[in-house]
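*Asks:* Quick one: structure below, then a few questions.
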Amino acid sequence: MQAFLNAYCARIGYTGSRAPTLATLRALQELHPASIPFEALDVLLHRPVELAPEAIDAKLIHAGRGGYCFEQNNLFKRALQALGFRVEGLIAQVRWQLGEDGLTRPRTHMVLRVTVDGTPWLADVGFGSAVLTAPLRFDLATPQATPHERFRLTPVGNEHLLELEIGGEWQPVYQISPALQTAGDYEMANYYTATYPGSHFRHKLIVARTTPKARHALLQNRLTIRGADGSTERSYLDADTIERALRDIFRLPVDPTWRPVIEAAAATQWDAP
4 MQAFLNAYCA RIGYTGSRAP TLATLRALQE LHPASIPFEA LDVLLHRPVE LAPEAIDAKL
64 IHAGRGGYCF EQNNLFKRAL QALGFRVEGL IAQVRWQLGE DGLTRPRTHM VLRVTVDGTP
124 WLADVGFGSA VLTAPLRFDL ATPQATPHER FRLTPVGNEH LLELEIGGEW QPVYQISPAL
184 QTAGDYEMAN YYTATYPGSH FRHKLIVART TPKARHALLQ NRLTIRGADG STERSYLDAD
244 TIERALRDIF RLPVDPTWRP VIEAAAATQW DAP
């Protein structure tokens with residue numbers, strides 16, 4: 004366990020206290036999304052997404068890859084538990100940028116509840132371009148600041164709706180069920196996300212990395228950079244610049260087998276605004 008924890012801390016560049024305190028949780032949740040990018044390239048390449056600890060460690064820690072929520076938050080959960088935190092796995096229904104369609108989607112997003120000194124906190128390092136960079140208190144419905152945007156957790160029956168404030172407007176991100184999840188629950192949801200023909204991960208190149216300065220998001224050939232100061236930059240890339248962005252911005256070890264996926268993404272045509 005100590006070897007795993009040492010490797011994880013080295014991967015995200017954490018050298019601080021290993022006491023299970025709120026300060027430690029805050030530091031880890033800010034460093035993780037800056038060091039381990041969100042990506043689902045294996046799904047586009049028709050490769051299995053394995054959730055066994057050794058598979059996640061080999062990919063996200065030792066191979067320098069990223070992953071999506073089931074990989075990211077499984078890794079984060081084990082790291083927090085190794086530090087002595089009390090951590091429970093939950094699941095959420097994604098609502099982000101889906102409009103009314105989000106209300107009919109299955110629950111396919113893994114999140115964590117971390118209890119520190121009797122207070123429950125939402126922790127999540129696996130939600131792409133809207134990932135939390137600080138834990139949020141479950142017992143507060145008022146807006147909560149993070150190093151990037153403000154978020155709020157609104158009670159909806161026995162669930163919680165996470166919302167994000169952009170441009171003065173609150174947008175739904177996901178709705179969290181209170182039911183504790185087992186490894187088998189996540190395996191089933193992961194299989195759906197990775198193999199269901201309608202899963203957007205099977206059709207779109209989606210990569211994200213959030214640093215203290217900005218959120219970087221690649222959707223097909225569109226690169227969006229949202230600064231922590233509220234600024235936004237957008238550009239459209241060809242295959243070579245997508246590959247360069249994957250390597251230089253998202254810090255991924257680009258493999259030659261990714262080229263067909265990159266070229267398909269580069270060919271995307273966007274409707275005029």
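Under the numbering used here, the letters of the sequence shown match residues 4 to 276, in that order. Yeah, the Cβ is synthetic: ideal placement off N, Cα and C, and Gly gets one too.
Would you kindly work out how many angstroms separate the C-alpha atoms of residue 101 and residue 151, rounded to a whole number?
*Replies:* The sequence position of residue 101 within the sequence shown is 98, counting from 1. The sequence position of residue 151 within the sequence shown is 148, counting from 1. Taking the straight line from one Cα to the other gives about 22 angstroms.
*Asks:* Between the stretch 4-11 and the stretch 74-87, do three or more beta carbon pairs fall short of 8 angstroms?
*Replies:* yes
*Asks:* Determine the extent of the beta strand (DSSP E) in which residue 35 is found, giving its start and end residues.
*Replies:* Within the sequence shown, the letter at position 32 stands for residue 35. Careful: residue 35 lies outside any beta strand (DSSP E), inside the alpha helix (DSSP H) at 25-38.
*Asks:* What span of residues does the beta strand (DSSP E) with residue 48 cover, start to end?
*Replies:* In the sequence shown, counting from the first residue as 1, residue 48 sits at position 45. From DSSP, residue 48 is part of no beta strand (DSSP E); its letter is neither H nor E.
*Asks:* Contact defined as beta carbons within less than 8 angstroms: I believe residue 28 pairs with residue 117. What is the distance between those atoms, to the nearest angstrom?
*Replies:* Position 25 of the sequence shown, counted from the first residue, corresponds to residue 28. Position 114 of the sequence shown, counted from the first residue, corresponds to residue 117. About 6 angstroms separates the two Cβ atoms, so the contact holds.
*Asks:* If you measure between the beta carbons of residue 352 and residue 146, is that distance less than 7 angstroms?
*Replies:* Nothing about residue 352 can be reported from this structure: the residues present for the chain run from 4 to 276 only.
*Asks:* For my contact list, residue 228 and residue 246 are in at a C-beta cut-off of 8 angstroms; report their separation, rounded to the angstrom.
*Replies:* Here residue 228 refers to the residue found at position 225 of the sequence shown. Here residue 246 refers to the residue found at position 243 of the sequence shown. The pair is not a contact, with the Cβ atoms about 18 angstroms apart (cut-off 8 angstroms).
*Asks:* Find the nearest neighbour of residue 17 within the set 195, 30, 192 and 70, judged by alpha-carbon distance.
*Replies:* On the sequence shown, residue 17 is found 14 positions in, with the first residue counted as 1. Each of 195, 30, 192 and 70 was checked against the Cα of residue 17, and the nearest Cα belongs to 30.
*Asks:* Which same chain residues end up closer than 8 angstroms to residue 159 when comparing Cβ atoms and leaving out the 5 residues on each side of it in sequence?
*Replies:* As a position in the sequence shown, residue 159 is number 156, starting the count at 1. Cβ neighbours of residue 159 beyond the five flanking positions: 178.
*Asks:* Would the beta-carbon of residue 217 fall within 7 angstroms of that of residue 211?
*Replies:* On the sequence shown, residue 217 is found 214 positions in, with the first residue counted as 1. On the sequence shown, residue 211 is found 208 positions in, with the first residue counted as 1. For residue 217 and residue 211, no; Cβs fall outside 7 angstroms.
*Asks:* Would the stretch 40-49 count as touching the stretch 247-257 if we require 3 or more Cβ pairs under 8 angstroms?
*Replies:* yes
*Asks:* Helix, strand or coil: how does DSSP classify residue 191 here?
*Replies:* As a position in the sequence shown, residue 191 is number 188, starting the count at 1. Correct three-state label for residue 191: helix.
*Asks:* Using 8 angstroms for Cβ pairs, my map puts residue 32 next to residue 126. What's the rounded Cβ distance?
*Replies:* If you number the sequence shown from 1, residue 32 lands on position 29. If you number the sequence shown from 1, residue 126 lands on position 123. Contact flag correct, Cβ pair sits at about 6 angstroms.
*Asks:* Let me check understanding here. Comparing Cα to Cα, which of 156, 237 and 35 lies closest to residue 12?
*Replies:* The residue you call residue 12 lines up with position 9 of the sequence shown. Here the closest residue by C-alpha is 35.
*Asks:* Assuming residue 75 is part of the alpha helix (DSSP H), what are its boundary residues?
*Replies:* Reading the sequence shown from its first residue, position 72 is the one you call residue 75. Where residue 75 is concerned, the enclosing alpha helix (DSSP H) stretches over 72-86.
*Asks:* In whole angstroms, what is the alpha-carbon distance linking residue 180 and residue 26?
*Replies:* Within the sequence shown, the letter at position 177 stands for residue 180. Within the sequence shown, the letter at position 23 stands for residue 26. Going from the Cα of residue 180 to the Cα of residue 26 covers about 26 angstroms.
*Asks:* When you compare the CB positions of residue 108 and residue 94, do they come within less than 7 angstroms of one another, or not?
*Replies:* Along the sequence shown, one-based indexing puts residue 108 at 105. Along the sequence shown, one-based indexing puts residue 94 at 91. Not in contact: residue 108 and residue 94 (Cβ atoms no closer than 7 angstroms).
*Asks:* Quick one, are the C-beta atoms of residue 193 and residue 78 less than 7 angstroms apart?
*Replies:* The count along the sequence shown starts at 1 and reaches residue 193 at position 190. The count along the sequence shown starts at 1 and reaches residue 78 at position 75. No, they are not a contact pair.
*Asks:* Using only the alpha-carbon positions, how far apart do residue 98 and residue 23 sit?
*Replies:* Here residue 98 refers to the residue found at position 95 of the sequence shown. Here residue 23 refers to the residue found at position 20 of the sequence shown. Cα to Cα, residue 98 sits roughly 31 angstroms from residue 23.
*Asks:* Assuming residue 168 is part of the beta strand (DSSP E), what are its boundary residues?
*Replies:* Counting from 1 along the sequence shown, the entry for residue 168 is found at position 165. First-last of the beta strand (DSSP E) with residue 168: 162-169.
*Asks:* Can you list, in chain order, the residues of its chain with a C-beta nearer than 8 angstroms to that of residue 237? Leave out the 5 residues immediately preceding and following it.
*Replies:* As a working mapping, residue 237 is identified with position 234 in the sequence shown. Closer than 8 angstroms at Cβ, skipping near neighbours: 225, 226, 227 and 228.
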